[in-house]
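2 protein chains.
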Amino acid sequence: MEKLQRNERIAALIKILSDQPNQLFTFNFFVESFNCAKSTLSEDVEILKGIVERFGLGVVETISGAAGGVKYLPLIGQDKKEEIIYRLCKDLSDPTRILSGGFLYMTDIIYNPAVIDNVGKIFAEQFITKNFNYVVTVETKGIPIAMMTAKYLNVPLIIVRRDSKVTEGSSVNINYVSASSKRIQTMSLSRRALKKNSTVLFVDDFMKGGGTVRGIIELMREFESSVEGIAVLISTKEPEKKFINEYFSLITLNYVNEQENIIDLIPGIKIS
Amino acid sequence: MEKLQRNERIAALIKILSDQPNQLFTFNFFVESFNCAKSTLSEDVEILKGIVERFGLGVVETISGAAGGVKYLPLIGQDKKEEIIYRLCKDLSDPTRILSGGFLYMTDIIYNPAVIDNVGKIFAEQFITKNFNYVVTVETKGIPIAMMTAKYLNVPLIIVRRDSKVTEGSSVNINYVSASSKRIQTMSLSRRALKKNSTVLFVDDFMKGGGTVRGIIELMREFESSVEGIAVLISTKEPEKKFINEYFSLITLNYVNEQENIIDLIPGIKIS
Chain X
10 MEKLQRNERI AALIKILSDQ PNQLFTFNFF VESFNCAKST LSEDVEILKG
60 IVERFGLGVV ETISGAAGGV KYLPLIGQDK KEEIIYRLCK DLSDPTRILS
110 GGFLYMTDII YNPAVIDNVG KIFAEQFITK NFNYVVTVET KGIPIAMMTA
160 KYLNVPLIIV RRDSKVTEGS SVNINYVSAS SKRIQTMSLS RRALKKNSTV
210 LFVDDFMKGG GTVRGIIELM REFESSVEGI AVLISTKEPE KKFINEYFSL
260 ITLNYVNEQE NIIDLIPGIK IS
Chain H
10 MEKLQRNERI AALIKILSDQ PNQLFTFNFF VESFNCAKST LSEDVEILKG
60 IVERFGLGVV ETISGAAGGV KYLPLIGQDK KEEIIYRLCK DLSDPTRILS
110 GGFLYMTDII YNPAVIDNVG KIFAEQFITK NFNYVVTVET KGIPIAMMTA
160 KYLNVPLIIV RRDSKVTEGS SVNINYVSAS SKRIQTMSLS RRALKKNSTV
210 LFVDDFMKGG GTVRGIIELM REFESSVEGI AVLISTKEPE KKFINEYFSL
260 ITLNYVNEQE NIIDLIPGIK IS
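If you're matching them up, the sequences are chains X and H in order.
Read in my numbering, the first sequence has 249 at position 240, and its numbers run on one by one without any break.
Read in my numbering, the second sequence has 112 at position 103, and its numbers run on one by one without any break.
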């Protein structure tokens, strides 16, 4: 390959790195791809670090030593994060979203890649240093958010089913009590789904009492694994005492008043 | 903002464009962001076009005129596409995947962002000129693939449920007959889920007789909308006569022989 110009190398660098976020690439990989000297590449990486920082486009990190290299972290920064959460609160508090029974219609938002891509980045940013082995969710509504989170953490996604499926082989099933409805529910996960001694991040769209989380914690225990992080898009204010007491929630839903057509959401991040 | 160097502008350009694939940005947006002349930006864009082409990193497209601008298309090119499909066939034909009943365990692959991101790009590349309004899938296993496809087409995702949910308001429900099992199945979609007169791309992980697709076609008709494209990761060779006769499938499953522990998959793209 003929020699590349600096701007060509830098553009290829950021595209390749950000296509596989949180994935370490060796310097040699790029030295060979670009047919350039290592010192030249180091300069390119330094310039790139400045660019992504300046435009709030994430972080380029270098790791020195024999096992070192360069990787891209999809960190979006405080300002953009607040802007995204504020916008989500605004969109979600539109009174036309109120459904019979005081439920909130939100699938148009939680299935929209343009929105959920950012939520996945925020969740990934929050937990990127934890080096989880998997992201876990339970079907169905949380899957898109969990998928984007897994993408930015660069780990596989596990989807827990509501009943066992012939296409997933032998499975571990558990029963648990829903915190809000007090009904018995089932969760099922293929025995092949995860390796023993894993740590996982549980992601979901909505949390009320936290019963689902407790079910997941119990299910993971069956795989000799543990839930080490919980991230939800919306958690309800009531009940204040949930089955779990440490979680990351982008939005708190105070109440939905069906009679007066009011949805009260608080922007801002809550870790209780 | 002080003046940027060319390599800084180009790196920011490719990152911003590729973070929102298939989204048109005006030249003015970048002229203002970068505080540079329009002619300078045009040169940057031309250089960038060459870079992404050279590294097989997609396509940067300019559209001239008053409603014009620049956008990034996540096209991955024939060579990389073939490599991805070949790799998928290899991974999926591992005989340890055979489950009782001749089913194939594949959730580790179809939920893995590193794999599915590429499948989403291939599907988006195939249908990017059709300007669909939505990507539609039915829960659960096809959701990650459908999500990545929707991301790269830059359109909302719609997830059809197996039964109606209180959290989605009033819904349209249909019954249809599964092509392979001949059993009656249900599909449910919130009345709010899509606008009338939409065209949609149906995405799923697996197709046998095509009964699900026929159900989706019927469901879309209830919304005065139509399925104008079908993309599946794997379709089975048998039955050759499916309910639908035009679809895009990355892999054909010839057969699974449980006794002899053989999975026969054909790489390559089939449009029948």
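Every residue gets a Cβ at the ideal spot worked out from N, C-alpha and C, and that includes glycine.
Being a predicted model, the structure only gives us computed values, none of them experimental.
Cβ separation of residue i and residue j, assumed to be a contact under 8 Å, to the nearest whole Å
i: F141 of chain X; j: E237 of chain X; result: 7 Å
i: I183 of chain H; j: E231 of chain H; result: 7 Å
i: F252 of chain H; j: A188 of chain H; result: 6 Å
i: K58 of chain H; j: V69 of chain H; result: 5 Å
i: T245 of chain H; j: L259 of chain H; result: Actually they do not touch by this definition, with Cβ atoms about 13 Å apart.
i: I119 of chain H; j: D214 of chain H; result: 5 Å
i: I85 of chain H; j: A20 of chain X; result: Contact doesn't hold; Cβ gap of about 17 Å is too wide.
i: I239 of chain H; j: F211 of chain H; result: 5 Å
i: L101 of chain X; j: L274 of chain X; result: 6 Å
i: I272 of chain H; j: P83 of chain H; result: About 30 Å; that fails the 8 Å criterion.
C-beta neighbour in chain X for residue i, strict 8 Å
i: G110 of chain H; result: yes
i: V79 of chain H; result: no
i: L66 of chain H; result: yes
i: L57 of chain H; result: yes
i: K246 of chain H; result: no
i: S234 of chain H; result: no
i: K99 of chain H; result: no
i: V69 of chain H; result: no
i: L50 of chain H; result: no
i: V175 of chain H; result: yes
i: G219 of chain H; result: no
i: A46 of chain H; result: no
i: N206 of chain H; result: no
i: N37 of chain H; result: no
i: K251 of chain H; result: no
i: P165 of chain H; result: yes
i: V271 of chain H; result: Inspection of the sequence shows that residue 271 of chain H is occupied by Ile rather than by Val. No, I271 of chain H does not count as interfacial toward chain X.
Extent of the continuous alpha helix (DSSP H) to which residue i belongs
i: E70 of chain H; result: E70 of chain H -> not in any alpha helix (DSSP H); beta strand (DSSP E) instead, spanning V68 to I72.
i: L50 of chain X; result: K47 to R63
i: S27 of chain X; result: R15 to D28
i: L198 of chain X; result: From DSSP, L198 of chain X is part of no alpha helix (DSSP H) but of the beta strand (DSSP E) over I193 to S199.
i: T221 of chain X; result: G220 to E231
i: F252 of chain X; result: Here F252 of chain X belongs to no alpha helix (DSSP H), and DSSP marks it neither H nor E.
i: S42 of chain X; result: F36 to F43
Buried or exposed (CB count within 10 angstroms, at least 16 for buried), residue i
i: Q135 of chain H; result: buried
i: V144 of chain X; result: buried
i: G219 of chain X; result: buried
i: E177 of chain X; result: buried
i: E91 of chain H; result: exposed
i: R192 of chain H; result: exposed
i: K204 of chain X; result: exposed
i: Y256 of chain H; result: buried
i: S281 of chain H; result: Because S281 of chain H sits at a pLDDT of 39, beneath the cut-off of 50, its placement in the model cannot be relied upon, and the point is left open.
i: R63 of chain X; result: exposed
i: R96 of chain H; result: exposed
i: K279 of chain H; result: Note on K279 of chain H: pLDDT 49, under 50, position unreliable in the model; the coordinate value appears next. Result: exposed.
i: R200 of chain X; result: exposed
i: P122 of chain X; result: buried
i: K99 of chain X; result: exposed
i: D53 of chain H; result: buried
i: G110 of chain X; result: exposed
i: E17 of chain X; result: buried
i: I72 of chain H; result: exposed
i: K1 of chain H; result: Absent from the model: residue 1 of chain H. The displayed extent of chain H is 10 to 281, so no value can be given.
i: P153 of chain X; result: buried
CB contact below 8 Å: residue i versus chain H
i: L156 of chain X; result: Here residue 156 of chain X is Met; the residue named in the question, Leu, does not match the sequence. Cβ-Cβ to chain H under 8 Å: yes for M156 of chain X.
i: S281 of chain X; result: In this predicted model, S281 of chain X has a pLDDT of only 39, less than 50, meaning its place in the structure is not dependable; the value taken from the coordinates is given anyway. Judged by the 8 Å Cβ criterion, S281 of chain X is not in contact with chain H.
i: N121 of chain X; result: yes
i: Y264 of chain X; result: no
i: Y114 of chain X; result: yes
i: N182 of chain X; result: no
i: K160 of chain X; result: yes
i: L242 of chain X; result: no
i: I85 of chain X; result: no
Element boundaries [beta strand (DSSP E), containing residue i]
i: I183 of chain X; result: S180 to V186
i: F257 of chain X; result: F257 to N266
i: T245 of chain X; result: S235 to T245
i: F215 of chain X; result: T208 to M216
i: L84 of chain H; result: Element bounds for L84 of chain H: n/a, residue is neither H nor E.
i: I271 of chain X; result: I271 to I275
Any chain B beta carbon closer than 8 Å to residue i
i: R230 of chain X; result: The chain labelled as chain B is not found among the protein chains of the depicted structure, namely X and H.
Item to check | In chain order, each alpha helix (DSSP H) run of at least 4 residues that lies wholly inside the stretch 98–184 of chain X | outcome: Correct list: 116–119, 122–136 and 152–162.
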